[in-house]
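Protein chains in written order, with our numbering: chain A, 83 to 214; chain B, 47 to 165.
Just so you know, even glycine gets a beta-carbon here, dropped at the ideal spot from N, CA and C.
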Amino acid sequence: MQPRDRRELGAIFAGGALGTLVRAVLSELFVQDPTSWPWVTFGVNLVGAALLGYFTTRLQERLPMTSYRRPMLGTGLCGGLTTFSTMQVELLKMLEHHVYGLALGYAAASVCGGFLAVYAATALVRRVRIRS
Amino acid sequence: MTWVLVFLGGMLGAPLRYLTDRFVQHRTGSRFPLGTMAVNVLGSLVLGLLTGLAPSTGWQLFLGTGFCGALTTYSTFSYETLRLAKENARTLAMANALLSVLVGLGAAVLGFGLAALWT
């Protein structure tokens with residue numbers, strides 16, 4: 083299966099590397115203890131989810147489909163900025179340290195928070211659009 | 047050097063996520079986001095393995111923070127869960143959220159366990 087074109091893949095490539103780098107810098111600046119709330123991962127995941135909701139709604143409804151902004155900003159930047167695997171390993175470490183309540187709270191807050199972040203960002207874009 | 051490794055890992059992970067997602071969605075043709083679940087579970091397995099093996103910092107940055115971090119995605123997972131809920135497929139939305147977290151955690155535990163056997 084070929085991608086639609088190479089430029090699209092290039093856009094994901096660039097956006098993904100940039101998002102990953104921002105996440106890495108943040109996690110380097112704020113090192114986490116496995117038994118405390120992982121604010122960095124939690125934060126980038128919520129911000130990334132909100133940004134994806136914003137970009138997808140705004141770009142889908144406003145810009146022509148030939149734009150490379152969506153693959154770069156959505157699939158690339160937001161995908162690279164957020165991470166699912168780190169959250170799972172953080173949960174694993176919480177279980178290993180027997181902080182079960184924290185693990186359950188973190189998993190529930192991440193799932194609900196991500197969902198609400200996309201919902202809120204999407205609703206906000208639509209509201210502003212109607213007014214303007 | 048540190049940031050170069052992270053950057054390179056991210057450069058590989060993000061396009062691989064896109065290609066895997068497309069491949070899986072094309073194969074299954076389902077509205078259920080199996081493609082995203084596949085990359086998330088795979089990335090969690092690899093990161094669990096990497097956590098157990100505890101290689102040098104360079105490999106952890108390249109494969110862990112860079113590659114696994116970019117291969118998996120939280121934003122698309124959240125977006126697709128909301129999409130299912132909005133399409134009145136609430137059961138599928140719930141199933142996506144629960145299965146992704148549980149299977150992902152299982153994969154991380156499996157990777158971690160495999161690393162323990164290895165070392």
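- Burial state of Arg136/B is exposed, judged by a 10 Å Cβ sphere holding fewer than 16 other Cβ atoms.
- For Glu178/A, the enclosing alpha helix (DSSP H) starts and ends at Ser167 to Glu178.
- Thr137/B sits in a helix when the DSSP states are folded into three classes.
- At least 9 angstroms separates the CB of Tyr150/A from every CB of chain B.
- Listed along chain B are Thr111 and Gly115, each with a C-beta nearer than 8 angstroms to that of Arg105/A.
- Chain B places no beta carbon closer than 9 angstroms to that of Pro120/A, leaving this residue out of the contacts.
- With a cutoff of 9 angstroms on beta-carbon distance, Thr165/A and Gly104/B are scored as not near each other.
- As the crow flies, the alpha-carbon of Leu174/A is around 34 angstroms from that of Gly92/A.
- In this structure, the beta-carbon distance from Val147/B to Leu117/B does not fall below 9 angstroms.
- Interface annotation for the stretch 128 to 141 of chain B against chain A: Leu128, criterion Cβ-Cβ distance under 7 angstroms.
- A distance below 6 angstroms between beta-carbons, with the five flanking residues on each side excluded, links Glu90/A to the following residues of its chain, in chain order: Pro153.
- Across the stretch 86 to 98 of chain B, CB contacts with chain A closer than 8 angstroms involve Asn86, Gly89, Ser90, Val92, Leu93, Gly94 and Thr97, in sequence order along the chain.
- Counting along the chain, Asp67/B sits inside the alpha helix (DSSP H) bounded by residues Thr48 to Thr74.
- Residues Phe108 and Gly112 of the same chain have their beta carbon placed closer than 8 angstroms to that of Leu54/B, with the five preceding and five following residues left out of the count.
- Taking all protein chains shown into account, Arg105/A has 16 or more neighbouring C-beta atoms within 10 Å of its C-beta and is therefore buried.
- Not one beta carbon of chain A lies nearer than 9 angstroms to the beta carbon of Ser76/B.
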